[in-house]
Amino acid sequence: MVENRPFLNFLAHVVLIFGVVVVALPVWVALVASTHESNAFLRGTVPMWFGDQAVHNYSRMLGTGISTSGMPPVGWMMFNSLIMALGVALGKIAISLTSAFAIVYFRFPFRMAAFWIIFSTMMLPVEVRIVPTFKVVADLGMLNSYPGLIIPLIASATATFLFRQVFLTMPDELTEAARIDGAGPMKFFRDILLPLSRTNMAALFVIMFIYGWNQYLWPLLITTGSDMYTIVAGIKRMSTVADTDPQWNYIMATAVLAMLPPLLVVIFMQRLFVKGLVETEK
Amino acid sequence: MKRVFFNNRWLPWLLLAPQLIITAIFFLWPAAQAVWQSFLREDAFGLNTTFVGLANYKQLLNSSEYHNSFWVTFVFTTSVTVFTMAFALLMAIAVDRLIKSEKVYTTLLVWPYAIAPAVAGILWWFIFNPSIGILTYVLAQVGIRFNYVSDPTDAMILVVLASSWSRISYSFLFFLAGLQSVPGSLREAAAIDGAGPVKRFFTITLPLLSPTTFFLMVVNLVYAMFETFAVIDSTTYGGPAQSTNILVYKVYQDGFVGQNLGSSAAQSVILMAIVIVLTVIQFRYVEKKVAY
Numbered sequence: 007m008v009e010n011r012p013f014l015n016f017l018a019h020v021v022l023i024f025g026v027v028v029v030a031l032p033v034w035v036a037l038v039a040s041t042h043e044s045n046a047f048l049r050g051t052v053p054m055w056f057g058d059q060a061v062h063n064y065s066r067m068l069g070t071g072i073s074t075s076g077m078p079p080v081g082w083m084m085f086n087s088l089i090m091a092l093g094v095a096l097g098k099i100a101i102s103l104t105s106a107f108a109i110v111y112f113r114f115p116f117r118m119a120a121f122w123i124i125f126s127t128m129m130l131p132v133e134v135r136i137v138p139t140f141k142v143v144a145d146l147g148m149l150n151s152y153p154g155l156i157i158p159l160i161a162s163a164t165a166t167f168l169f170r171q172v173f174l175t176m177p178d179e180l181t182e183a184a185r186i187d188g189a190g191p192m193k194f195f196r197d198i199l200l201p202l203s204r205t206n207m208a209a210l211f212v213i214m215f216i217y218g219w220n221q222y223l224w225p226l227l228i229t230t231g232s233d234m235y236t237i238v239a240g241i242k243r244m245s246t247v248a249d250t251d252p253q254w255n256y257i258m259a260t261a262v263l264a265m266l267p268p269l270l271v272v273i274f275m276q277r278l279f280v281k282g283l284v285e286t287e288k
Numbered sequence: 499m500k501r502v503f504f505n506n507r508w509l510p511w512l513l514l515a516p517q518l519i520i521t522a523i524f525f526l527w528p529a530a531q532a533v534w535q536s537f538l539r540e541d542a543f544g545l546n547t548t549f550v551g552l553a554n555y556k557q558l559l560n561s562s563e564y565h566n567s568f569w570v571t572f573v574f575t576t577s578v579t580v581f582t583m584a585f586a587l588l589m590a591i592a593v594d595r596l597i598k599s600e601k602v603y604t605t606l607l608v609w610p611y612a613i614a615p616a617v618a619g620i621l622w623w624f625i626f627n628p629s630i631g632i633l634t635y636v637l638a639q640v641g642i643r644f645n646y647v648s649d650p651t652d653a654m655i656l657v658v659l660a661s662s663w664s665r666i667s668y669s670f671l672f673f674l675a676g677l678q679s680v681p682g683s684l685r686e687a688a689a690i691d692g693a694g695p696v697k698r699f700f701t702i703t704l705p706l707l708s709p710t711t712f713f714l715m716v717v718n719l720v721y722a723m724f725e726t727f728a729v730i731d732s733t734t735y736g737g738p739a740q741s742t743n744i745l746v747y748k749v750y751q752d753g754f755v756g757q758n759l760g761s762s763a764a765q766s767v768i769l770m771a772i773v774i775v776l777t778v779i780q781f782r783y784v785e786k787k788v789a790y
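Which chain is which? The protein sequence lines are A and B, in order. Using the working numbering, the first residue of the first sequence is number 7, and each one after it goes up by one. Using the working numbering, the first residue of the second sequence is number 499, and each one after it goes up by one.
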């Protein structure tokens with residue numbers, strides 16, 4: 007702050023409160039809607055304050071779901087999402103760590119070629135190669151399975167570059183000392199590099215967990231059986247049904263449940279989250 | 499660069515194997531397939547496939563539907579990028595002023611990042627619902643009939659709002675970091691020379707922020723072009739009358755719903771070319787750190 011200008015400070019508060027309200031509005035409306043009964047929405051406008059059906063709505067969705075639409079219980083879809091998010095996050099971290107280790111600590115023929123192949127994943131988002139990728143997964147018999155949901159998503163140039171960056175800043179003396187003490191490459195990797203990159207791994211985990219949980223197109227394509235639906239992809243199927251028979255309270259309860267886990271991760275691990283976000287874009 | 503290396507012939511390849519194999523099977527091979535498919539055409543029953551050269555591309559470039567999709571994508575990505583960044587910058591400037599309450603406001607502004615674009619779409623779809631949406635109701639009170647189901651402009655507004663909303667926190671964090679790295683001494687010097695807050699912002703802060711702005715512009719463009727599929731699919735399905743059918747959504751519709759594989763593949767190839775250009779721009783920038 008250069009000089010004290012109370013009016014500008016006041017204006018800043020006004021702007022921010024406005025911003026916070028705008029940002030929070032959709033979630034507020036969903037949260038309120040999820041606590042009413044179905045016929046509360048027949049009156050023409052959405053209620054703006056909480057109803058008393060919260061326990062009923064949430065326990066019904068978690069336990070049985072809307073059975074008429076052939077949807078599995080939301081609790082089950084959340085479990086699928088959890089497996090997928092954990093699998094994607096841990097898988098990305100694991101294979102990126104080893105690739106970055108190979109690229110930084112070894113000299114071997116075609117090293118740059120390997121680097122460019124990894125880089126190429128960045129230029130081929132799943133959205134632009136939907137049909138052929140679907141076909142590959144189908145040919146491998148991986149439709150409707152956790153490996154099918156997870157493995158095609160775990161190749162990651164960003165994570166590899168992040169760990170490469172981290173490893174490049176490790177002093178060479180560490181490697182020398184380890185070698186003099188007779189440690190082989192894998193021992194060095196496990197006992198020195200991994201512990202030193204713990205915070206980076208945690209930060210990346212936060213980002214990749216959110217990424218995995220929020221996947222939409224991929225699960226939508228490859229989960230044709232309802233028992234494999236993830237919640238983010240499942241909620242849309244639910245809303246399609248709702249167009250004819252609106253059960254807004256249930257849909258909004260599902261929406262709230264779909265956003266809850268990643269939201270908790272961001273709120274309670276905000277520092278790691280910000281670190282991960284900034285680092286993966288370097 | 500490292501001076502000390504391990505010597506091992508096969509270990510590095512073993513370490514790289516999982517990443518390379520996954521990349522080859524699920525990225526490179528499908529991409530090559532898309533390129534190959536784009537030169538082929540299947541007959542109506544999917545029985546015969548013939549090599550047709552560039553015919554699929556020619557057809558696309560002459561199709562008014564594809565031109566429309568390009569235009570829609572242009573309007574959509576530009577609106578999302580400008581709207582997101584303007585809102586985020588405004589918030590970042592305000593937070594940057596208020597040292598005491600910075601943490602609270604930051605927390606209150608970053609959480610939408612956690613919400614999936616598909617869920618964001620559903621939330622906005624709900625509050626703009628033609629029959630019970632709360633904002634539709636408010637707009638109706640001031641005499642505006644908002645109906646994204648029938649009105650192309652309203653549909654575009656809906657998808658732009660939903661897409662921007664889920665992206666504001668990201669730009670906000672980067673702008674805030676950028677603002678906080680502007681040296682205080684520069685602002686003070688300008689203040690002593692008699693420059694007011696507005697002048698200081700435009701002559702000092704904004705120029706120094708230009709690398710961040712440029713970076714965010716590219717990243718948000720990529721986001722709006724490729725990662726908003728979920729928003730479109732959970733709200734308008736590209737409609738009404740193709741008014742929100744962005745390129746990424748059209749690839750999916752033509753390939754999966756319409757089963758027009760040749761055309762869908764050609765569209766994929768065109769999109770890949772666009773991503774490659776954008777990624778190259780992004781990386782050249784990151785390497786050089788273009789300062790003002």
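Glycine residues also receive a C-beta, built at the ideal position from the N, C-alpha and C atoms. This structure is a prediction, so every number in the text was calculated from the model and none was measured.
The beta carbon of Tyr668/B sits closer than 7 Å to those of Tyr611, all from its chain and outside the five residues before and after it, given in chain order. For Leu677/B, the closest alpha carbon among the candidates Leu707/B, Pro695/B, Phe700/B is that of Leu707/B.
For Thr548/B, the enclosing beta strand (DSSP E) covers residues 547–549.
Separation of Asp541/B and Thr547/B (C-alpha to C-alpha, rounded to the nearest whole angstrom) is 7 Å. With a cut-off of 8 Å on Cβ pairs, the region 85–103 of chain A is in contact with the region 235–242 of chain A, counting three or more such pairs. When the five nearest sequence neighbours on each side are left out, the beta carbons in the same chain lying within less than 7 Å of the beta carbon of Val52/A are those of Val35, Ala39, in order along the chain. Three or more Cβ pairs drawn from the region 500–511 of chain B and the region 106–114 of chain A lie within less than 8 Å of each other, which places the two stretches in contact.
Identification of chain B residues near Glu182/A by a Cβ-Cβ cut-off of 7 Å yields Val502, ordered along the chain. Proximity of chain B to Ser245/A at the Cβ level (cut-off 8 Å) is accounted for by Ile620, Trp623, Ser732, in chain order. Setting aside the 5 residues that flank it on each side, Leu719/B is surrounded in the same chain by Thr575, Thr579, each with a C-beta closer than 6 Å to its C-beta; the list follows chain order. Interface with chain B (8 Å Cβ-Cβ cutoff): Thr166/A is included. Between Val647/B and Pro628/B, the beta carbon gap of about 6 Å places them in contact (Cβ cut-off 8 Å). Counting every other CB atom within 10 Å of its CB across the protein chains shown gives Ile642/B a total below 16, marking it as exposed. Runs of alpha helix (DSSP H) with 4 or more residues, each lying fully within the region 116–168 of chain A, are found at 117–126, 136–145, 152–156, listed in chain order.
Burial check for Pro153/A: the Cβ neighbour count within 10 Å stays below 16, so the residue is exposed.
With its beta carbon less than 8 Å from one in chain B, Ser105/A belongs to the interface. Here Leu552/B carries a coil assignment [DSSP, helix/strand/coil]. With a threshold of 8 Å between beta carbons, Tyr111/A makes contact with chain B. Arg665/B and Leu200/A have their alpha carbons spaced roughly 32 Å apart. Boundaries of the beta strand (DSSP E) harbouring Glu540/B: 538–540, taken from the DSSP string.
The region 525–541 of chain B and the region 205–221 of chain A do not touch, with fewer than three beta-carbon pairs separated by less than 8 Å. Residues of chain A whose Cβ lies closer than 8 Å to the Cβ of Gly756/B do not exist, since the nearest Cβ in that chain is about 11 Å away.
In the displayed model, Phe503/B falls within coil according to three-state DSSP, outside both helix and strand.
Proximity of chain B to Glu133/A at the Cβ level (cut-off 8 Å) is accounted for by Phe724, Glu725, Phe727, Val746, Val749, Tyr750, Leu769, in chain order.
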